[in-house]
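Below is one structure; the comments refer to it alone.
Protein chains: 2
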Amino acid sequence: MRVTVLGAGYMGGAMACVARRRGHDVRLWGTWFDDAMLEPCERGGEHPRLKRRLDGITLLRSGRLAEALEGAQLVVIAANSDGIASVMAKAAPLLPDAPVLSVTKGLLESPTTGRMDRIDVVVPERIGRPVRFVHAAGPAKAMEVSRGVLTWMHFASARREDAVACGGAMDGHGLVVTTSDDIAGAALCSALKNAYATGLGLWDGHVGADAHDARAACFTQAIAEMAALVAKGGGLAETVYGAAGIGDLHVTAAAGRNRAFGERVGRGRPAKEVAAEMLAAGELTEGYPAIATAARYARERGVAGLPLLEALEAIVWKGAEVGPTLAALRIGAVEIG
Amino acid sequence: MRVTVLGAGYMGGAMACVARRRGHDVRLWGTWFDDAMLEPCERGGEHPRLKRRLDGITLLRSGRLAEALEGAQLVVIAANSDGIASVMAKAAPLLPDAPVLSVTKGLLESPTTGRMDRIDVVVPERIGRPVRFVHAAGPAKAMEVSRGVLTWMHFASARREDAVACGGAMDGHGLVVTTSDDIAGAALCSALKNAYATGLGLWDGHVGADAHDARAACFTQAIAEMAALVAKGGGLAETVYGAAGIGDLHVTAAAGRNRAFGERVGRGRPAKEVAAEMLAAGELTEGYPAIATAARYARERGVAGLPLLEALEAIVWKGAEVGPTLAALRIGAVEIG
């Protein structure tokens with residue numbers, strides 16, 4: 024099978040490794056930002072982020088997009104949410120009639136409604152053509168995926184058969200793929216979990232190491248609030264209770280930048296200052312803008328009664344004090360539907 | 024309100040603190056194993072485990088059970104699962120017609136059916152009288168509960184009004200209580216989570232620190248398998264998706280003895296040896312017997328297709344090798360109902 028991966032960063036490289044391990048004919052195309060990733064690989068060296076050689080994978084720099092997409096039976100899009108619309112706009116006239124498996128997570132502003140919406144909704148609006156999007160959700164860290172450590176991904180598409188086809192192509196060697204037609208639920212889980220993961224980190228900063236109960240309570244509350252948001256967004260609660268929701272929130276909250284950001288803010292430092300500091304250190308956290316985006320999504324959809332998200336927005340974006348805000352947080356009450 | 028706590032260990036002490044903080048008239052009765060806990064408290068010192076003084080709480084040693092229970096409007100039972108039947112047998116003739124809030128977690132063998140069953144089912148059979156059990160589930164570490172760190176507990180009772188009454192008595196000062204009539208679901212979650220928490224630790228031992236995906240996958244799988252077991256046991260999946268299931272599994276898997284046990288076994292050491300070593304060090308892990316108990320419960324109820332529980336039982340109780348067993352683990356497939 025001919026598999027083309029667009030984007031040669033962490034996840035693009037990892038997905039190319041997965042496809043290659045399954046024996047596919049794999050082309051990895053780098054965007055105009057990815058030349059530095061591909062250059063050492065072209066000389067037979069390791070991918071600078073994955074620390075792994077990309078043997079047997081055809082590497083194509085940004086100028087060779089037409090060549091990359093020609094005859095592709097499966098396209099994997101692995102740009103970040105800021106870049107996906109422009110990459111897909113360039114790819115649009117060249118895109119074969121094949122499933123487009125997206126590992127991009129986030130929400131974008133719709134040019135039609137002006138509201139925040141799912142990537143699989145907004146990108147076709149922006150590029151003016153339909154795309155057979157399959158959203159790849161679930162707890163998948165690029166390093167672990169590329170190493171073949173057990174990873175559960177959930178592929179969802181409005182056309183279930185596209186999700187199944189992508190699953191069939193990628194499943195195996197440590198990667199377990201489940202599928203559904205609930206792309207709304209899967210894509211929303213992927214977009215929302217960064218916001219909530221940051222919230223768990225707040226407790227580590229505010230209380231210290233002995234905040235296991237509070238972390239677990241907020242993890243549970245996050246799942247309940249995500250289920251309410253997903254239900255309003257046309258998705259299924261069961262998607263939230265699977266790898267897309269529970270699984271991805273777990274991996275995101277367990278460690279990483281969102282947690283580190285939350286911890287520092289939890290110690291009482293202004294969120295803006297912490298974000299600037301992490302940005303300067305090349306550790307940009309997705310959780311910071313994700314909180315604003317999630318809160319905006321909730322408001323635009325009229326989902327009220329999300330005490331955890333409201334507390335996060337107050338602390339991170341409105342300058343509310345951590346201690347009193349967390350003390351006043353009333354979890355345990357979410358209406359779904 | 025007159026609140027009597029039976030059992031003066033970690034959780035008994037913590038629940039007594041919670042009740043006292045709410046202004047109740049609290050009596051803390053120690054079992055015949057608890058004299059060492061109460062002795063320093065009687066002299067005005069700290070509870071040896073909670074590291075906290077029990078000011079304003081009436082302390083009663085094991086010989087004074089009648090005095091402890093007289094006029095109690097709420098009884099909290101905080102024995103462990105090995106001890107609850109004998110404590111409740113002694114209390115039976117003295118027990119007022121009041122809700123009995125149980126923080127005891129586990130399954131016991133029914134003298135009637137010979138099968139493993141919930142504590143709220145088996146104890147009344149053993150002591151020959153009905154008990155108005157309210158099961159206290161959710162992520163609640165005694166140290167954090169006693170300190171007033173945010174904690175979400177879920178109280179469930181066949182008589183919903185008893186759960187609500189207990190919630191009304193204990194909620195506040197950091198403790199958030201939700202209630203339901205799904206005692207089956209809540210009690211099963213509490214019993215099953217120790218088994219699954221051990222499973223997450225296996226990955227840390229087997230793969231090392233970079234097993235976030237695998238841990239998240241198994242966390243998700245554990246919730247799915249718990250939902251299947253709860254459904255078969257007459258409970259609701261929604262209980263599993265709340266504090267009783269997701270929340271308690273989160274806190275139990277995040278750290279503690281079950282995880283330490285799993286880690287050592289994951290490194291390839293025989294489970295029996297690790298259990299003996301931890302027992303000798305006074306670090307008995309509940310996860311070790313909990314896996315056998317959960318597997319037996321599943322077999323007795325005819326719940327098949329629980330790949331994670333089967334893998335755990337194979338590794339921990341049947342001497343299966345960790346590497347090949349985890350490599351063959353097929354997650355992502357659970358039928359609920």
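Order-wise, the sequence lines are chains A and B.
Under our numbering, the first residue of the first sequence is numbered 24, with each subsequent residue one higher.
Under our numbering, the first residue of the second sequence is numbered 24, with each subsequent residue one higher.
Backbone N, C-alpha and C fix where the C-beta goes; we use that ideal spot for every residue, glycine too.
Predicted, not measured: the structure shown is a model, and the values here were computed from it.
Opening and closing residue of the beta strand (DSSP E) in which residue i lies
i	result
Glu-333 (chain A)	Counting along the chain, Glu-333 (chain A) falls outside any beta strand (DSSP E), though it belongs to the alpha helix (DSSP H) covering 330-340.
Trp-175 (chain B)	174-179
Arg-16 (chain A)	Here chain A has residues from 24 to 360 only, and residue 16 (chain A) is not among them.
Leu-131 (chain B)	130-132
Leu-73 (chain B)	Here Leu-73 (chain B) belongs to no beta strand (DSSP E), and DSSP marks it neither H nor E.
Arg-43 (chain A)	Here Arg-43 (chain A) belongs to no beta strand (DSSP E); instead the alpha helix (DSSP H) covers 33-44.
Ala-121 (chain A)	No beta strand (DSSP E) holds Ala-121 (chain A); DSSP gives it neither H nor E.
Ala-59 (chain B)	Here Ala-59 (chain B) belongs to no beta strand (DSSP E); instead the alpha helix (DSSP H) covers 58-65.
Ser-203 (chain A)	198-203
Leu-83 (chain A)	81-83
Thr-27 (chain A)	25-29
Val-157 (chain B)	156-160
Continuous alpha helix (DSSP H) stretch holding residue i: start and end
i	result
Val-146 (chain B)	142-150
Glu-167 (chain A)	165-170
Val-274 (chain A)	271-277
Ala-351 (chain B)	345-351
Val-297 (chain B)	294-303
Ala-186 (chain A)	183-193
Ala-313 (chain B)	310-323
Burial state of residue i, where buried means 16 or more other Cβ atoms lie within 10 Å
i	result
Ala-89 (chain B)	exposed
Glu-309 (chain B)	buried
Gly-360 (chain B)	A caution first: Gly-360 (chain B) carries a pLDDT of 44, below 50, which makes its placement in the model unreliable, though a value can still be read off. Under this definition Gly-360 (chain B) is an exposed residue.
Leu-352 (chain B)	buried
Trp-52 (chain B)	buried
Gly-256 (chain B)	buried
Pro-374 (chain A)	Examination of residue 374 (chain A) is not possible in this model, given that chain A is present from 24 through 360 alone.
Pro-153 (chain A)	exposed
Gly-346 (chain B)	exposed
Lys-74 (chain B)	exposed
Gly-30 (chain B)	buried
Gly-305 (chain B)	exposed
Pro-312 (chain B)	buried
Glu-93 (chain A)	exposed
Trp-226 (chain B)	buried
His-196 (chain B)	exposed
Glu-167 (chain A)	buried
Thr-136 (chain A)	exposed
Ala-327 (chain B)	exposed
Asp-236 (chain A)	buried
Gly-208 (chain B)	buried
Asp-105 (chain A)	exposed
Leu-198 (chain A)	buried
Leu-307 (chain B)	exposed
Glu-286 (chain B)	buried
Minimum Cβ-Cβ distance from residue i to chain E less than 9 angstroms
i	result
His-70 (chain A)	Absent from the structure is chain E; the protein chains it does hold are A and B.
Query raised in the report: Which ranges does the alpha helix (DSSP H) cover as unbroken runs of at least 4 residues, wholly within the stretch 210-266 of chain B, from first to last along the chain?
Result: Annotation note: the stretch 210-266 of chain B contains the following uninterrupted alpha helix (DSSP H) runs of length 4 or greater, listed N- to C-terminal: 235-255, 260-263.
**Report entry** Selection of the stretch 145-167 of chain B by Cβ proximity to chain A, strictly under 7 angstroms
**Finding:** Within the stretch 145-167 of chain B, the qualifying residues are Pro-162, Ala-163, Lys-164, Met-166, Glu-167.
**Report entry** Contact between the stretch 215-232 of chain B and the stretch 171-181 of chain B (3+ Cβ pairs under 8 angstroms)
**Finding:** The stretch 215-232 of chain B, when compared against the stretch 171-181 of chain B, does not touch it at the 8 angstroms Cβ threshold.
Report task. Residues of the stretch 167-179 of chain B with a CB closer than 8 angstroms to any CB of chain A: list them in chain order, please. Result -> Using a CB distance below 8 angstroms, the part of the stretch 167-179 of chain B facing chain A consists of Glu-167, Val-168, Arg-170, Val-172, Leu-173, Thr-174, Trp-175, ordered along the chain.
Query raised in the report: Listed in chain order, which residues of the stretch 303-317 of chain B have Cβ atoms closer than 7 angstroms to some Cβ of chain A?
Result: The residues in question: there are none.
**Report entry** Whole beta strand (DSSP E) elements within the stretch 90-115 of chain A, 3-residue minimum
**Finding:** Every beta strand (DSSP E) of 3 residues or more that sits fully in the stretch 90-115 of chain A is shown, in chain order, as 97-100.
Query raised in the report: What residues in the stretch 257-269 of chain A bring their beta carbon closer than 7 angstroms to a beta carbon of chain B?
Result: Flagged, chain order: Tyr-264, Gly-265, Ala-266, Ile-269.
**Report entry** Three-pair Cβ contact test at 8 angstroms for the stretch 241-251 of chain B versus the stretch 259-273 of chain B
**Finding:** A contact is defined here as three or more CB-CB pairs under 8 angstroms, and the stretch 241-251 of chain B meets this definition with respect to the stretch 259-273 of chain B.
Query raised in the report: What residues in the stretch 236-258 of chain A bring their beta carbon closer than 9 angstroms to a beta carbon of chain B?
Result: For the stretch 236-258 of chain A, the beta-carbon criterion of a distance under 9 angstroms to any beta-carbon of chain B is satisfied by Asp-236, Ala-237, Arg-238, Ala-239, Ala-240, Cys-241, Phe-242, Thr-243, Gln-244, Ile-246, Ala-247, Ala-250.
Query raised in the report: Which residues, in order along the stretch 340-356 of chain B, keep a beta-carbon less than 9 angstroms from a beta-carbon of chain A?
Result: Listed by position along the chain: Leu-349, Ala-350, Leu-352, Arg-353, Ile-354, Gly-355, Ala-356.
Query raised in the report: Do the stretch 133-143 of chain A and the stretch 210-222 of chain A touch if we need at least three Cβ pairs shorter than 8 angstroms?
Result: For the pair of segments examined, the stretch 133-143 of chain A was found to touch the stretch 210-222 of chain A: the number of CB pairs separated by less than 8 angstroms reaches three.
Query raised in the report: Counting pairs of beta carbons, one from the stretch 113-126 of chain A and one from the stretch 75-84 of chain A, are three or more of them closer than 8 angstroms?
Result: By the Cβ criterion, the stretch 113-126 of chain A is not in contact with the stretch 75-84 of chain A, since fewer than three pairs of Cβ atoms, one from each stretch, lie closer than 8 angstroms.
Query - Residues, ordered as in the chain, of the stretch 196-223 of chain B that lie near chain A by beta-carbon distance below 7 angstroms - result: Listed in sequence order: Val-199, Thr-201.
Query raised in the report: Given a limit of 8 angstroms on CB to CB distance, which residues of the stretch 109-124 of chain A reach chain B?
Result: So the list is empty, because no residue satisfies the distance condition.
Query - Residues in the stretch 87-106 of chain A having any Cβ partner in chain B nearer than 8 angstroms - result: The residues in question: there are none.
Query raised in the report: Is the stretch 334-343 of chain A touching the stretch 264-277 of chain A in the sense that three or more CB pairs, one from each, lie closer than 8 angstroms?
Result: They do not touch, by the three-pair rule.
Query raised in the report: Counting pairs of beta carbons, one from the stretch 275-282 of chain B and one from the stretch 182-190 of chain B, are three or more of them closer than 8 angstroms?
Result: Counting Cβ pairs under 8 angstroms, fewer than three are found: no touch.
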